[in-house]
């Protein structure tokens, strides 16, 4: 009985101690106490509440713990890290170390940032470079500045919206002036109808109706246009040739633009022409004023009437003379005289 | 009148304190002298430790479960449910496990020792042992105190483990957390300075529960009335001393924390 009790107690205690040892081992493993490790150091200006036992992360993986913290001077804190030996080859000598927040509640972790691949791996007691993280106070200062700016902007926005509500400015008018909105409404309607027309035009053009339609769809029409363009090109080439000749002084036009004696003559001719036209003006003026026979001949109706009577009488006279001369010709004396003459 | 009563109480307390220290000295004196009552110690370990396992297990399971269930809504509100296993496990290892198990142990074992020794005293069995040249301190006190000192830490290891499982059950009741994740989260923020001081203080708890209970029982008087008084006093004083030691332990632990 006593032996059974002793065995039970032995088992009981052994199991209990085993649980304790397992717990110690798990915790020790987390702090890299039992595995092979390597110690590296970094010198910070401010460790921001980092504690011995805090984790060291590399690429987001827990690879070690903070093993020592030593205040060297008022701005230098030497911090040692115990790193698992199997990851040491990945940590380069130009890797940088920084302290970051583990969570919102203020826990700290050390982060080793990867170095360049060309650099060599760290050795025992190597000192890595550090990057001082932005402090939460600095961030809060920036946030304060930003919030002040936001307050200023929102105040301005309030002013603007006030003005808009009062109907000041373009935007205010847009929101308050009914005439503008009506006009805008009309404009939008017009734009709608324009776009509708454009749609119709494009539909027609697609169907080959009208000039544009033909342009886009009728190949014959485009060919004609093409030949017209070709002709136009020929004409312009001819024109270019002509103007070249003109510039060279060839032909009438060329001489016109280049021959100074011809232009002189033309100038004189124009002066003469001007004189002539002036005379003609004077002449026509006189004609209009009945100042001479010709004007009276043209304009005086009494004179015209008397001239008509005269002409009638003259006509009658001539007829009489003709008749008389025919009578004379038929008379013997005249006939005789005329025969002699014929011989 | 009142002042004289108070002074008398202080006087009694100081005398009792001295007596306890003398008793502790007696214990150590008998501990390192020859003829060790090993069988009786095994017997006491069986009675105090092995027989308390069920009580400690049930309490540990409920402790882990209740702590998790009570803390979970608050942590969920904070969006820090991932910290819950660690929070519960740290509190169990550092404080809840040792203190609650020690109080239970004092209630079960301390009262038992107090009642047993006091009844032996009242029935003059202790006097008889002295007459028959058996050292009652060696046989009754040293074995019991050693048994409580050794068995309480072991029971606390079990209790911590069972509370850990209870906490997992509590987590599993509300989320689909896997055991490996729970395990990682629970051990994530556990350090040696959480485990070692807590373990050391359980030895002290066990020792003082044993020594106070033995003292109260060993020096019991006033007949059968004294038996009840001794059992009661063993539990009350042990519980107070547990909290006192816990307070001192926290102070000492915080000295070594950075």
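Residue numbers (the working numbering), protein chains in the order written: chain A, 5 to 347; chain B, 116 to 373.
Backbone N, C-alpha and C define an ideal beta-carbon position, used for all residues, glycine too.
Values in this document were obtained by computation on a predicted structure and should not be read as measured data.
Cβ-Cβ separation, residue j to residue i (assumed contact under 8 Å), whole Å
i, j, result
"residue 209 of chain B", "residue 309 of chain B", "5 Å"
"residue 102 of chain A", "residue 43 of chain A", "That belief does not hold up - the Cβ atoms of residue 102 of chain A and residue 43 of chain A are roughly 19 Å apart, past 8 Å."
"residue 16 of chain A", "residue 165 of chain B", "5 Å"
"residue 69 of chain A", "residue 53 of chain A", "That belief does not hold up - the Cβ atoms of residue 69 of chain A and residue 53 of chain A are roughly 16 Å apart, past 8 Å."
"residue 82 of chain A", "residue 74 of chain A", "4 Å"
"residue 223 of chain B", "residue 172 of chain B", "That belief does not hold up - the Cβ atoms of residue 223 of chain B and residue 172 of chain B are roughly 13 Å apart, past 8 Å."
"residue 213 of chain B", "residue 313 of chain B", "5 Å"
"residue 9 of chain A", "residue 289 of chain B", "Residue 9 of chain A to residue 289 of chain B, Cβ: 43 Å. No contact."
"residue 91 of chain A", "residue 67 of chain A", "5 Å"
Cβ neighbour criterion (16 or more within 10 Å) applied to residue i
i, result
"residue 158 of chain B", "buried"
"residue 349 of chain A", "Outside the shown range of chain A, which is 5 to 347, sits residue 349 of chain A, and nothing can be said about it."
"residue 196 of chain B", "buried"
"residue 346 of chain A", "With a pLDDT of 48 at residue 346 of chain A, under the threshold of 50, the modelled position of that residue is not reliable, and the figure given next carries that caveat. Result: exposed."
"residue 126 of chain A", "buried"
"residue 211 of chain A", "exposed"
"residue 155 of chain A", "exposed"
"residue 333 of chain B", "buried"
"residue 324 of chain B", "buried"
"residue 256 of chain A", "exposed"
"residue 145 of chain B", "buried"
"residue 286 of chain B", "buried"
"residue 267 of chain A", "exposed"
"residue 264 of chain B", "buried"
"residue 270 of chain B", "buried"
Min CB distance residue i to chain A below 8 Å
i, result
"residue 269 of chain B", "yes"
"residue 164 of chain B", "yes"
"residue 158 of chain B", "yes"
"residue 314 of chain B", "yes"
"residue 330 of chain B", "no"
"residue 449 of chain B", "What is shown of chain B runs 116 to 373, which leaves residue 449 of chain B out entirely."
"residue 169 of chain B", "no"
"residue 154 of chain B", "yes"
"residue 283 of chain B", "no"
"residue 302 of chain B", "yes"
"residue 276 of chain B", "yes"
Interface residues of chain B facing residue i [CB-CB closer than 8 Å]
i, result
"residue 10 of chain A", "157"
"residue 39 of chain A", "By Cβ distance, chain B contributes nothing, its closest Cβ being about 15 Å from residue 39 of chain A, past 8 Å."
"residue 103 of chain A", "Those within 8 Å of residue 103 of chain A in chain B number zero; the least Cβ separation is about 15 Å."
"residue 13 of chain A", "157, 160, 161, 164, 165"
Residue-chain proximity (residue i, chain B), Cβ-Cβ < 8 Å
i, result
"residue 85 of chain A", "no"
"residue 21 of chain A", "yes"
"residue 16 of chain A", "yes"
"residue 57 of chain A", "yes"
"residue 27 of chain A", "yes"
"residue 24 of chain A", "yes"
"residue 35 of chain A", "yes"
"residue 137 of chain A", "no"
"residue 6 of chain A", "yes"
Proximal residues of chain A, C-beta to C-beta of residue i below 7 Å
i, result
"residue 305 of chain B", "31"
Chain A contact residues for residue i, given Cβ-Cβ distances below 9 Å
i, result
"residue 310 of chain B", "24, 27, 28, 31"
"residue 319 of chain B", "In chain order: nothing, as chain A lies at least about 16 Å away."
> For the segment 221 to 233 of chain B against the segment 311 to 331 of chain B, are there 3 or more C-beta pairs whose distance is under 8 Å?
Replying inline: Here the segment 221 to 233 of chain B makes contact with the segment 311 to 331 of chain B; the two share three or more CB pairs at distances below 8 Å.
> Quick check: the segment 267 to 284 of chain B against the segment 175 to 190 of chain B, are there 3 or more CB pairs under 8 Å?
Replying inline: yes
> Quick one: any contact between the segment 18 to 33 of chain A and the segment 261 to 275 of chain B, if contact means 3 or more CB pairs under 8 Å?
Replying inline: yes
>> Below 8 Å, how does it come out for the segment 257 to 264 of chain B and the segment 198 to 213 of chain B: are there three or more Cβ pairs, yes or no?
In response: no
>> Three or more C-beta pairs under 8 Å: does that hold for the segment 338 to 347 of chain B against the segment 232 to 252 of chain B?
In response: yes
> Using 8 Å as the Cβ pair cut-off and three pairs as the minimum, do the segment 92 to 100 of chain A and the segment 116 to 134 of chain A touch?
Replying inline: yes
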